[in-house]
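K.L.:
Note that our numbering has the sequence shown beginning at 40, numbered continuously upward. Submitted below is the structure of interest, expressed as structure tokens.
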Amino acid sequence: MPQAVNVRIAELSMNDLEKIAWTDEFSVGNKRLDEQHFKIVSFINKLIDLPSFNSQAEALEYITQMLAYSREHLDYEEQILRENDYEEYSSHAVIHQFYIKKVEGFLKMSFNDNDRLKHEILKFLKEWWTYHILEEDMKYRPFLESKGLT
Ligand SMILES: [Fe+2]
Ligand SMILES: [Fe+2]
């Protein structure tokens with residue numbers, strides 16, 4: 040694992056309420072994918088600003104919107120990798136499916152204890168997306184570059 044990723048993940052567990060700082064380190068070298076990743080990271084940072092979910096409806100609205108942003112991105116990323124015969128396509132798509140199932144699971148939760156659940160969701164989203172972009176997505180960067188898909 041690259042040292043930068045290790046440091047980033049260690050920082051995460053130390054302070055869950057710190058926003059994800061978007062740097063060039065997050066770039067996978069493709070403009071549209073970077074834009075989608077940026078949108079998702081910004082949406083996670085928005086959750087950090089929220090003291091807690093004020094109601095069940097507010098929590099469900101956030102999770103539903105996150106699912107929509109996520110699906111839009113994951114579908115596009117899978118399409119670009121599949122159409123260009125990326126070798127690790129299948130295993131990468133399985134990781135995406137795990138994520139979608141996990142976030143769909145949040146929709147079934149009861150938000151009576153808003154602070155705890157908000158924290159749980161935030162922690163999952165921060166850790167998953169930071170690790171996924173910096174570690175898993177970054178593996179296809181040289182592949183996309185070799186295909187001229189920037
Ligand atoms: Fe991915
Ligand atoms: Fe991605």
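Ideal placement from N, C-alpha and C gives every residue a C-beta, glycine not left out.
1. Please confirm whether Thr169 and Gly68 have their CB atoms less than 8 Å apart.
2. Taking only heavy atoms of ligand 2 into account, decide whether any of them is closer than 7 Å to the Cβ of His76.
3. For Asp176, which of helix, strand or coil comes out of DSSP?
4. Distance check for Asp124 and Ser66, CA to CA, integer angstroms please.
5. Going by alpha carbons, who is nearest to Pro181 out of Met148, Phe92, Gln118 and Glu126?
6. Inspect the beta-carbon positions of Val142 and Met105 and report whether they are closer than 8 Å.
7. Which whole-angstrom value is the C-beta distance of Phe145 and Ile102, which I expect to be below 8 Å?
8. Once DSSP output is grouped into helix, strand and coil, what is the label at Lys70?
9. Do the CB positions of Leu173 and Glu64 come within less than 8 Å of each other?
10. For Tyr108 and Phe137, which I take to be in contact (beta-carbon distance under 8 Å), what is that distance rounded to the nearest angstrom?
11. Would a C-beta distance cut-off of 8 Å place Arg59 and Asn84 closer than the cut-off?
12. Verify the contact flag: Glu175, CB atom, against every heavy atom of ligand 1, threshold strictly below 7 Å.
13. Measure the beta-carbon distance from His135 to Leu120 and round it to whole angstroms, keeping in mind my assumption that it falls under 8 Å.
14. Please report how far the alpha carbon of Glu159 lies from the alpha carbon of Leu56, in whole angstroms.
P.N.:
Once the coordinates are examined:
1. no
2. yes
3. helix
4. 21 Å
5. Glu126
6. yes
7. 5 Å
8. helix
9. yes
10. Contact flag wrong, Cβ pair sits at about 17 Å.
11. According to the sequence provided, residue 59 is Ile. The question's Arg does not apply to it. Taking 8 Å as the Cβ cut-off, Ile59 and Asn84 qualify as a contacting pair.
12. yes
13. Their Cβ separation, rounded to whole angstroms, is 10 Å, which puts His135 and Leu120 out of contact at 8 Å.
14. 11 Å
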